[in-house]
Each structure stands twice: as C-alpha cells, then as structure tokens.
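Heads up: the sequence lines are chains F and E, in that order.
Going by my numbering, the letters in the first sequence line up with residues 51 to 913, in that order.
Going by my numbering, the letters in the second sequence line up with residues 2 to 164, in that order.
Backbone N, C-alpha and C fix where the C-beta goes; we use that ideal spot for every residue, glycine too.
Below is one structure; the comments refer to it alone.
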Amino acid sequence: MNSAMTDFSIIGKPTAMVDAAGKTTGGGKYADDLSVPGMLIGKILHSPYPHARIKGIDTSRAEKLDGVVAVAIGKDAPNPFGILPVGHDEHALALDKVRYVGDNVACVVAVSEAIAEKALELIDVEYELLPAYFDPEESMKAESDLIHDHKPHNIEKDYHHVFGDPEKGFAEADHIAEARFIANEVTHAAMEPHCTLASFELDPHTGKLGRLTVQSSTQVPYYLQHKLSLVLEMPMQQIRVIKPLVGGGFGGKSEVIPLEIIAAIAARKAKAPVKITYTREEVFWAHRGRPRTIVDLKTGVKHDGRITAVKALVVQDGGAYCSYGVVTILYSGALLGALYDIPNIQYDGYRVLTNKPACGAMRGHGTVNVRFAFESQLDELAQKIGMDPAEIRLRNLLKPPCITVNSLRVQSYGLPECIERTVERSGWKRRKGKLPRGRGLGVACSHYVSGAANSIIRSDMPHSTVNIKIDRDGGVVVYTGASEIGQGSDTMTAQIAAEALGCSLERVRVIAADTDLTPIDIGSYSSRVTFMAGNATLRAAEEVRKMIAAAAAKKMDCAAEDLVFREDVVFKKGSALPIAKRDQLEEVEITQSGASVSGRVEGQILRGSLQQKRKEEGPKEWMTFEEAVVAAIDFHGALTGTGSYAPPPEARGGKHKGAGVGPSPAYSYSAQVAEVSVDEETGEVTVHKVWAAHDCGRALNPVAVEGQIIGSVWMGMGQALTEEMVWKDGMLMNAGLLEYRSPSSVESPEIEPIIVESVDPEGPFGAKECSEGSLAATIPAIANAIHDAVGVRLHESPFTPERVLAALRAKKKQKALNLAEGVDLTSPARFREHGGALWFKGKGPERHPLDPARHEMPAGGAD
Amino acid sequence: MKKELIELKVNGRTHELAIEPNALLLDVLRRDLGLTGSKRGCDESSCGACTVLINGIAMLSCALLAASCEGQEITTIEGVSEHGSLAVIQKAYGDWGGAQCGYCTPGFIMTVKSLLRENPDPSKEDVRNALSSNLCRCTGYNQMYEAIRAAVAAERAGMAAKS
C-alpha cells in the first residue's frame, strides 16, 4: 500500500499541533495549573545524607503546627516499587535507609506551601551515617555497607555478550584503536517541574475513601496506575490517572517519580486532595537522567575501511536505585548493532549503584554515550587508514532486509541517503580540511528504535490500542492512551485517523491518556508512539472505514472496495472526482448557509430542499462524509472501531540473556555534519551549524519532524559542550538551570534538518521514529569537528574550555595548567578539573569516618 | 504574615486583592487570579517561563513583589489574544513549530511582544539576543526564529493592507 499510496491529503503537510492554541494562549492546563476545592499542599522532606540508616522519625512537633493536616512517612505505604519488574527497590518514602542526598523521607500536608515548608523543619529524624559510594569503579569494590543488601559489590546488573568471533575479527584487522571515553552525567531538565494532584472520592456503598484520581505530569499513565495500585494496595480499576498537558519529558517522566505516589499516600492520610509540585532543585534530585558512562572501546578495521570487530566495556554510574538501569545497560550493548554491519561484537556492561539520585531513561536511552565513543573512534581509524570519515561509514553499511549479528531485524534503512545528503548540504567534500585554522567539520551517524519490540512488563498484550467512534454529524473521536508530551502525539493521531477516513482534520477530536476513557497504551517513551499507537490508530480507522464503505457502497450501487475516501467525500475509484465534486460540495454548503433551514434531518448537515433533492436522486455517484456516516449508522446500528498493535514475532530479537532489549520493529537513522570553531587561547568551542539528516520513514507532519530533529541535535549539543551534573560527595553542586548550563538562544547554533523518507514496510504510512535518533550523532560530530579544527581528540564530554585547553596543551607538550589552584583539596579530582568554578567552599554533607570520599587526595590526583 | 489590600491592574482589568506583603506577582497571578498561563519553571529567575509585561516591558513575575506592581499595567499571556482570536505571534508559534511542550511558550511570547514593541523590525541577531532571557528545552530555538520572522512579516502585511 505504501509505495502505491503517495498522494495524501492530510499527512505529509506541515500542520500546526492540534493543541497549539492552548499552549500559545496560556489556556492549556498543566498539572500545576490545576486545583480542586479543598486542595492541600504537600511538601517532601529529603535526606541531607548520601547514605544513612534511619533510627527514628518524630513528626509530633510538625503535626502540632497550626495549618498542618497530616504528615506521611514510609510506613504509611511500605510496599516497594520500581519501573522494572526486576527492580522493585524503591519506597515512596524511606523505610529504614536513605540512599542519596534528596531521598524522600516524609511528606507534610498543610493548608499552604509556607506552612508545609515550616513544618518540614519541625520533623526530627535520627540518622546513623553509613559509608557512601560515589564513583562506580570504587563502588564495585564494596564488600560491606552495600547500597542494597541483595546487590553484591553494588552491581545492579552485569551482562557479557559475545556475537561472532571478536578475537578472530581483531586478528584480521589492519588497524586497531583502543581508548577510554567518558561521558558525564546529564539530566532532562524539562521546563515543567514534576507535579501531581491526587484526590479520593468517598465510596457511596462503603462510605469510606473509594476511587482515587491522579492528575500527573507523566509520560505513561498506565505505569503510574499500575505502581499506585501496588503501593496503595488498591485494584487498578479503582485508580484513574489523567495526564494533563505535560511540559516536556525526554524520559524524565517515563517512570513513576516518587512524588506521584507520595501525593496519593498523602491524600489518603489527609483525607483531602493533595497537590505536590517539585521545586527546580527537587527536579534535579528526582533526576533519572543519563548516567555518567565509562566506555573502554576497541575497534578493528581493514585497510578498505571495513570494521572487523568491536569490543566495549561499559560501566554506568546508575545512582541509588535500579530505575530503568537494566534496560539502559542492555541498550548500550545492543545498539552497537543495527547501524553498521559489524560482524563481531564483544560487550561487557556493568550497571553500578552509587549514593546519588537514580539515573534512568533519557532521550536516546542507553545508546548516546557509547555512540559518542564509537563514532569518535571510527573517525580516528578513518584518519589512520587515510580514508574520508564519511566514506568509512559508507563502507560499513548493512544490506537490509537483514538480521544483525546480535539478532536485530533491519528493514527500512535510510542511512546511506542520510550520509549522502548531509555531505552534500554541508559542502563536506569541498570544505573539509580547507577551513581556516581553528575551524573544522565533523561527521557522525546514529540510530534509534521506533519503540521496543518487547515491553518491560513482559506480557502478550498489545502495546497500543485505539478506539474510534463516529456520530451522525460526522464528528470523529479517537481514544488513545498515547501521551502527548510536546512531541506531537495527539496531532499525529488526528492526522492518521483523518487520512485513513478521508475526512478533514477539523472533524477529528483526540481524547488521550486518561485511564478511565482510553485503552491501555504503554506510553510515550523509546520513540514508540508514531509507530505503535499510529499503527493502532490506522487499524481502528480502517475498521470504521470498512463499515462506512459497506453502507455507502449500497447507496452508491457499487462494491465497497471501489470506494475512495478523501477530503470529506466518498466516491467511486476511477471517477474523475474530486475537483468537480468538491466544487459541487462547496455549492451545497453555500446553498445551505443561504437557505432557510427546515428542521434538522439526518446527519444534520444537508437540509431542507437540498436534502430532499439528494434523497430523491436515487443511487449516487458520490456522497459527503456525513451522508456516508449516516448511512453506515443506519446500516450497522453504531459506528465504532478498534485497532491494536503488537510488534511482530520476527522483530522481537534473539534468545540470549538480555536479548529482549534492543529489538524494534524499525530503526530510524541519522547522519550529521557539525561545523565548529575552537579558540585555542581559551579552549572555547563554538558550534556554528549542524546539518542533520534523519530517516523517519515518512514525515507525517514535516514541521513536527523537523522540530524533533532540531530539538534532538540541540540537546546533544548541550551534552557535548556545557551540560553536566557536578557532584561533591553525593551533593549536586549545580541544581539550577543556569548552573547546569542549559544552552540559551545565544549559545545555540543554526540546525538544518534534512528529512529522509525510507518508507518502512510496517510503519503507519511508512513512518518510524524521529524524536531521539538524532541526538546521539551530535556529540561525536562535534568531537570530530574539534579534532578537524585543532587536531585534538576529546575523550570526555562535555567539551568544556578546561578540557579542550588541557588537550591542546598536552598536544603541544606544554605543562598542564593547574586550574584547581586554590581549590579545596578534599574535593574529588573530577571536580577539580572544573577549575573550582562551581566549588562550594563550605563543608559538604556530613560523612561517615570510613567514607572512601573522606580520604584527602593531592590536587590533580585520582579519586 | 498579615495580609494587605492592594489593587492590581491585569490585562486591562482592576482587581482588589488581599495578599501577604511578601507575595510574589507570579503566585498572585496563578493562585489568586487563576491566571495560570504564566509558568513557574525554576525558583531563581533563570528560565523566563513566568515573563509578563509591566508597562510593556518584559519582567520576571517570580522576581517581583505583587505589592510593588500596584498602579502598573500588567499584561500576562492571557491578555495577548485579540478580541477572542489568536494574535499574529501566537498563530505563528503554532504554525512554525515554535511551541512543542508549550511550557516555556507564554514566557517567550511575552519576551517577543516586548522586543517587537521596542524594535518592530528586529534582525536575526536582535531576536537571538532578546530570546536569551528565556530557556526552552524542546525546540533548540530555531523554529521560534521562523515563527517570529513570519509574525513580523504578517504584521507588516497587515499594516500595509490597513493603510
């Protein structure tokens, strides 16, 4: 169908988001904009220590404060939870231990925020300090005082995969490169701080607290409903989760964040609706971002550029809880495959626990940091064998359809075109190597899944289900559990429904992400919505269209298969539609508005004499969408349809341990060229422009696709140049948007998105993901451009002036600048590299005498 | 803290309010007046999501005492739509992808309003500099520039048509 059907009336046209007006007028409601009568405010008491046992909590002083309604603590809801079935290691409020500075200890519910804050100071918690672990490689040596008793050596999970014969591959290589790359920790920093409003209804039969309604800033209402059910010990059908507008997620709202459950616990205890909104600092503590990742990478190539083998040892600093960690460490290995044809892969991955906020899923989940290492190393190897870096990538293409050595199925594959088009648009061949000193170009590629083929909940249920109903006035309502988080989910849903039904976009209303109204969908993450919820929408719409066609065919005296649905008209295939008939239609409408209306009739659209005339005409050559809908309702009795999507078994990957993560029904592809200049005096890097080609299968809404590509590249640039979470003994030193250095407009380059359409055989109208795949290529493209500009290869992100300058001086064999002069020597070495710009001179959190971080180190030494 | 009675003129309407003297304008707008279009994105005047116009000039409502705004003309995002329809800049932000998640959008639109008031025909560099007072995590700002350029062009075409 896809290759034949390229003439669309809705999709492929730049379309304003269906919810745009709510966002530009301030009328749209985000969770914190909501309030209900009698609503109280909740505030959370956080741990001031990175690792401590709770000996006792005394809330009596807080409870006595005027205006305080309730104080909730761990034992009010002691059931553990976690986003992964294998990782139920969190408690909404700490039971016996706190594991990071910022861990949740108690929640005060009061009539105002000010009173709640005052009451937090009146809660007395007695802690017994424990040694804490902040560096993953140190943490792995731990024998005692483990972060979680059931995780020896603080290792959350380790995987060891061998595909093909890596040793043989390296033996065959003509050149081998080996290096350690480090990508420091980054976080989503979505503009909307997390917020949850929870309220209970009284049950009319028991007279007690009954159904719970939670409105929350979540990417996955269904997971929240499930975890609430576990922790509150309530059946899921007693819990309604509604997602209002969400102010950005990027993965940070894709799992259940403690405040979402704490709000419900607090509402139950206070017997009143409770809203909790995180401060920006709390958002940083809640985190679940991209872990600091250490990648020891080895790659072998032949003289002709062919990759013979790759070996990666990856250690991730996962923070204090499992979160999505097991999935992250698996993605890091699995997505070594499916971009290039690599015959031999060895992967050893360690997800390690440390006493810092938990890391989780962030845009480009698991693949980004390893891709930075790999694409940098490939650049280095291209240089070694004297090959153009764009060419070496073209030498290692997959030949789809194929199954990779690690069992990933690849069908549509727009990578070659992505490389060709970025090379062409950036003037690569003409300009590479010919720019003035200090200015350079770099190329890199990346890819990403269009949703995971195996869901984390390990069941056979569909990943997406969509319902459609159409009423007699031709209004189409689509019910989907997919979550709009700014990426355009609702608009995509409306477009697919309108295209498939041949009606105008204005007819379609999308009701989304309300567990009482919408069927289960596993939410907005891993870039799954367009592919999976889109396919479910398409199937639901096709089912309804079939019903309409059956009825219309009778009225039009033809076979249902011979009907075409387009632009609010149903007509016979081959008839010279639309133009003539559209004119007629317009005439109809004009007559309508001009004529006196003689009462409401079928469909409530064609009225009076006109309606009568149409009826008397007998069998018709064409029908309006409303006429066809009315005919269908008369014929079938009701007009509703359902569609669901589950990835096909062929796409679900291999059988090895951990094979469930990585497979996807389709992969997106990206190739980018970055142009940078480097100030050799200061080490400052400026990105002038990024050309980013992205294979999204088919661009259903080009303006949205371009927005997603630009946004991904921009976020990758932030990680490449400025963004980094800086820690002192488990305390975050830069918990603010400016201190974290989220780039503003003046630090942001022009980004030229280039859409490549490979038309996937299984995607809805050929579409696949477009929101994450581009991020990973940006970091190495910038790193490679820096190398082109000044000849230094950076092995640690972000590429701050300090790091660039250090690399430049090392290259010139100049003495390293001691940027840490005057800095507190008790600070970790990693922090000292920052030159103390963010250094907090005072004492960090109190530490246990045996705490490894207490040992003083000379400046510049290792941790 | 004991409340005081103040009068605030917001979007052309005067409201009499009893507020704590230390109440921030942002909180009074959101909580007391129900004008939730102005957003709180940080707690430290760094993100610009709470930007409003005070006598036409873009200011951060999270860094203003409500009491200090008595007698001033306060315009929030709710006062931008004209006669019940989208203002040119609002329409352009929608059409050109200037808003994704939309949380920062009201603040940006107020900043742009303030810019265009002072400089009706800003250069690309002017726009870039002006927008640096606000942060966005979705768009990378590129599509906002397109939206602003389109809005400026549409305003000019509209003016030409009227004259």
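What does DSSP give as the partner residues of residue i in its beta bridges?
| i | result |
| --- | --- |
| F:G490 | F:V726 |
| E:V40 | Checking the sequence shown, residue 40 of chain E turns out to be Lys, not Val. BP columns for E:K40 are empty, so no partner. |
| F:V212 | F:Q396 |
| F:D810 | Paired residue(s): none; F:D810 is not in a bridge. |
| F:F131 | F:E140 |
| F:S266 | F:T246 |
| F:W741 | F:V723 and F:E802 |
| F:K325 | F:I91 and F:L247 |
| E:K10 | E:T15 and E:E74 |
| F:A233 | F:T343 and F:S847 |
Report the CB separation of residue i from residue j in whole angstroms; it is logged as a contact under 8 Å.
| i | j | result |
| --- | --- | --- |
| E:I90 | E:A152 | 4 Å |
| F:G780 | F:V151 | 5 Å |
| E:E79 | E:N12 | 6 Å |
| F:L613 | F:K623 | 7 Å |
| F:G524 | F:R557 | 6 Å |
| F:P271 | F:W335 | Contact flag wrong, Cβ pair sits at about 24 Å. |
| F:I232 | F:L278 | About 38 Å separates the two Cβ atoms, so there is no contact after all. |
| F:P537 | F:S821 | Looking at the sequence provided, one finds Gln at residue 537 of chain F rather than Pro. About 5 Å separates the two Cβ atoms, so the contact holds. |
| F:E206 | F:G375 | 5 Å |
| F:G710 | F:G703 | 6 Å |
Pick helix, strand or coil for residue i, following the three-state DSSP scheme.
| i | result |
| --- | --- |
| F:E592 | helix |
| F:I655 | Per-residue confidence for F:I655 stands at a pLDDT of 47, beneath the threshold of 50, marking its modelled position as unreliable; the derived number appears in the next sentence. Of the three classes helix, strand and coil, the one that applies to F:I655 here is coil, per DSSP. |
| F:L867 | coil |
| E:C105 | coil |
| F:R356 | coil |
| F:V842 | coil |
| F:P43 | Because residue 43 of chain F is not part of the residues shown, which for chain F are 51 to 913, the question remains open. |
| F:I292 | strand |
| F:Q433 | helix |
| F:W672 | strand |
| F:M781 | strand |
| E:E79 | helix |
| F:I759 | helix |
| F:R261 | strand |
| F:T256 | coil |
Does the separation of the CB atoms of residue i and residue j fall below 7 Å?
| i | j | result |
| --- | --- | --- |
| F:L844 | F:G733 | no |
| F:A835 | F:G490 | yes |
| F:M765 | F:L689 | no |
| F:R421 | F:D346 | no |
| F:V737 | E:R129 | no |
| F:H415 | F:Y381 | yes |
| F:G92 | F:V161 | no |
| F:P803 | F:I760 | yes |
| F:L588 | F:I60 | no |
| F:Q275 | F:I292 | no |
| F:I173 | F:L143 | no |
| F:S798 | E:G103 | no |
| F:Q269 | F:S509 | no |
| F:A817 | F:T580 | yes |
| F:I930 | F:A749 | Because chain F here runs from 51 to 913, residue 930 of chain F falls outside it and cannot be looked at. |
Using a cut-off of 8 Å between C-beta atoms, extract the partners of residue i located in chain B.
| i | result |
| --- | --- |
| F:I760 | The structure shown contains no chain B; its protein chains are F and E. |
Checklist entry - Listed in chain order, which residues of the segment 80-94 of chain F have Cβ atoms closer than 9 Å to some Cβ of chain E? => result The residues in question are Y80, D82, D83, L84 and S85.
Next on the checklist: Taking beta-carbon pairs under 8 Å, can you tell me which members of the segment 526-541 of chain F lie near chain E?
Outcome noted: Under the 8 Å Cβ criterion, the segment 526-541 of chain F contributes I535, G536, Q537 and G538.
Next on the checklist: Counting only Cβ-Cβ distances shorter than 7 Å, please list the residues of the segment 118-136 of chain E near chain F, keeping chain order.
Outcome noted: Under the 7 Å Cβ criterion, the segment 118-136 of chain E contributes R129, N130, L132, S133 and L136.
Item to check | Contacting positions in the segment 691-724 of chain F - beta carbon closer than 8 Å to chain E | outcome: From the segment 691-724 of chain F, no residue has a Cβ closer than 8 Å to chain E.
Next on the checklist: Closer than 9 Å between beta carbons: that is the criterion. Which residues of the segment 410-441 of chain F meet it against chain E?
Outcome noted: Of all residues in the segment 410-441 of chain F, none is placed with a Cβ closer than 9 Å to any Cβ belonging to chain E.
Checklist entry - the segment 783-814 of chain F: which residues have C-beta closer than 7 Å to a C-beta of chain E, in chain order? => result Contact residues of the segment 783-814 of chain F toward chain E are G786, L787, L788, S792, S794, S795, V796, S798, E800 and I801 (C-beta to C-beta distance below 7 Å).
Next on the checklist: Counting only Cβ-Cβ distances shorter than 7 Å, please list the residues of the segment 151-163 of chain E near chain F, keeping chain order.
Outcome noted: None of the residues of the segment 151-163 of chain E has a beta carbon lying less than 7 Å from any beta carbon of chain F.
Next on the checklist: Taking beta-carbon pairs under 8 Å, can you tell me which members of the segment 34-55 of chain E lie near chain F?
Outcome noted: Hits within the stretch, in order: L36, T37, G38, S39, K40, R41, G42, C43, D44, E45, S47, C48 and A50.
Checklist entry - What residues from the segment 65-89 of chain E come within 8 Å of chain F, judged by C-beta to C-beta, listed N to C? => result Within the segment 65-89 of chain E, the residues whose Cβ lies closer than 8 Å to any Cβ of chain F are, in chain order, T77, I78, E79, V81, S82 and L87.
Checklist entry - Relative to chain F, which residues along the segment 15-27 of chain E have a C-beta separation below 8 Å, given in chain order? => result Listed by position, the residues of the segment 15-27 of chain E near chain F (Cβ gap below 8 Å) amount to none.
Next on the checklist: Taking beta-carbon pairs under 8 Å, can you tell me which members of the segment 770-782 of chain F lie near chain E?
Outcome noted: Along the segment 770-782 of chain F, there is no position whose C-beta sits under 8 Å from a C-beta of chain E.
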